[in-house]
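Since the structure comes first, as structure tokens, the remarks are kept for the end.
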Amino acid sequence: MAKIICITGGKGGTGKTLIAVNLATLFKNHGFNVLLVDGDVENPNTYLLMNGKLENSSEVSFFEPKIDEHKCTKCGLCAENCISHALLYIKDAIPIPILNVCSGCKLCYKICPTEAIIADSRVIGLIYSTKVNNIDLLIGELKPSEARSAVIVKALMEKIDILLNDKHEKYDVIIFDTAPGAHCDVEELIQRADYVIPVTEPTRFGRLDLLRIIELIDLLNKEYRVIVNRSSLLGFRDQFLNELNDNDIQVLGDIPLDEDIVKSYCIGVPLMDNHSRFDTQGKGYKSFQIIYENLAKWSGIKT
Ligand code: SF4
Ligand code: SF4
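Read in the working numbering, the sequence shown has 199 at position 173, and its numbers run on one by one without any break.
What follows is the structure, given as structure tokens:
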């Protein structure tokens with residue numbers, strides 16, 4: 027059974043993707059089969075940090091009701107039963123779908139007695155399936171101006187289930203990179219995870235958003251350990267770590283500000299890449315090694 031590790035965080039820009047990509051790379055370096063899933067569907071960028079490409083796309087469509095005026099008897103049954111109030115109905119008139127509030131549940135389509143509702147659909151996003159540096163990468167992407175990110179996350183989960191049921195695909199470790207925040211897209215991914223790693227930074231915003239995401243993780247009854255990124259920021263490291271300790275928040279490790287990490291961002295090569303040009307004695311490199319060892323111990327993954 028693959029162990030699922032979810033990298034998340036209440037706040038944007040804390041370095042979730044950097045950490046997801048480097049942990050995936052470390053597991054791969056240790057001989058594990060790794061699937062990395064980019065669930066930040068409004069802003070997927072794992073592939074950029076791995077010098078990969080968006081390829082092998084499949085479309086994600088969303089149901090839209092369309093009414094056949096010749097078949098509709100204007101009975102109003104569909105509008106009466108639509109709990110999203112997405113069908114505007116005036117007595118003796120053909121209902122009008124209000125697509126931006128329609129949940130796509132298809133109830134109207136199923137219950138229309140005259141089959142006047144046609145199942146139309148609209149492409150709202152894509153799933154990319156690719157391989158970079160021997161890591162399988164699954165990326166969800168919501169199209170610009172679309173609002174239904176949860177549909178793309180759901181499609182990602184379905185794709186993972188297909189992969190896990192495929193006898194040819196054997197994964198030891200699956201790593202999720204979530205969107206920032208504590209909303210339903212993030213919840214869906216945390217719900218599936220065995221181990222959750224919220225990423226934060228030593229600022230007041232970081233602390234507040236960390237507490238918010240921990241509240242969600244606790245509600246979902248999941249185990250978690252925190253990574254503090256940019257921990258050396260303005261010398262607040264010890265104070266911040268002490269605060270976490272005082273609140274019984276366990277820390278998996280911390281990553282100081284490091285020039286090589288910035289360089290890895292700029293050139294799109296993971297810091298922990300086997301053949302990389304980074305300083306293996308550098309602060310960033312060593313901190314990732316410590317985090318990997320702690321994670322392997324915590325999750326019971328044999329290294
Ligand atoms: S249930 Fe069917 S027939 Fe009745 S109003 Fe709706 S679309 Fe028309
Ligand atoms: S698909 Fe569901 S939400 Fe949309 S109009 Fe039909 S019943 Fe309402």
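Don't be surprised by glycine CBs; every beta carbon is placed ideally from N, CA and C.
Is residue i near residue j, with beta carbons less than 9 Å apart?
i	j	result
L125	V63	no
M27	V158	no
I143	C134	yes
S258	L267	no
G166	P70	yes
D280	T51	no
L297	S290	yes
E227	T40	yes
K97	L236	no
I216	I243	yes
E195	D162	yes
E68	S171	no
G102	F202	no
N275	I240	For clarity, residue 275 is Ile in the given sequence; the question names Asn instead. The answer is yes: Cβ separation under 9 Å.
K29	Y221	yes
N160	K54	yes
P123	I93	yes
E214	K180	yes
Can you tell me which residues form a DSSP beta bridge with residue i?
i	result
Y154	S83, I165
G279	I253
Y221	I31, E249
P123	L113
T226	V254
F89	S147
G317	One point to set straight first is that residue 317 is Ile, not Gly, in the sequence displayed. DSSP lists no partner for I317.
L62	L163, I201
Could you round the C-beta distance between residue i and residue j to whole angstroms and report it? I think they count as a contact, below 8 Å.
i	j	result
G78	T204	Not really, about 19 Å apart at Cβ, beyond 8 Å.
I223	Y250	7 Å
K132	F89	6 Å
R238	A219	Not really, about 18 Å apart at Cβ, beyond 8 Å.
N247	L278	The pair is not a contact, with the Cβ atoms about 19 Å apart (cut-off 8 Å).
I150	C104	22 Å between Cβ atoms; not a contact.
D264	D286	In fact, because the Cβ distance is near 23 Å, the residues do not count as touching under 8 Å.
S83	L152	4 Å
V252	L270	6 Å
V225	K42	5 Å
Applying the criterion that 16 or more other CB atoms from any shown protein chain within 10 Å of the CB defines a buried residue, is residue i buried or exposed?
i	result
D211	buried
A173	exposed
C292	exposed
V60	buried
I200	buried
A112	buried
E184	exposed
N48	buried
I188	exposed
P91	buried
V288	exposed
G326	exposed
F231	exposed
L168	buried
L182	buried
N255	buried
I31	buried
K328	exposed
R303	exposed
D116	The amino acid occupying residue 116 in the given sequence is Ile; Asp does not appear at that position. Exposed: under 16 other Cβ atoms inside 10 Å.
L234	exposed
L44	buried
Between residue i and ligand 3, is the CB less than 8 Å from at least one heavy atom?
i	result
F202	With respect to small molecules bound, the structure shown includes ligand 1 and ligand 2 and not ligand 3.
Just to be sure I understand the criterion: a residue counts if its Cβ is closer than 6 Å to at least one heavy atom of ligand 1. Which residues meet that? I93, C98, T99, K100, C101, G102, L103, C104, P121, C138, T140, A142, I143
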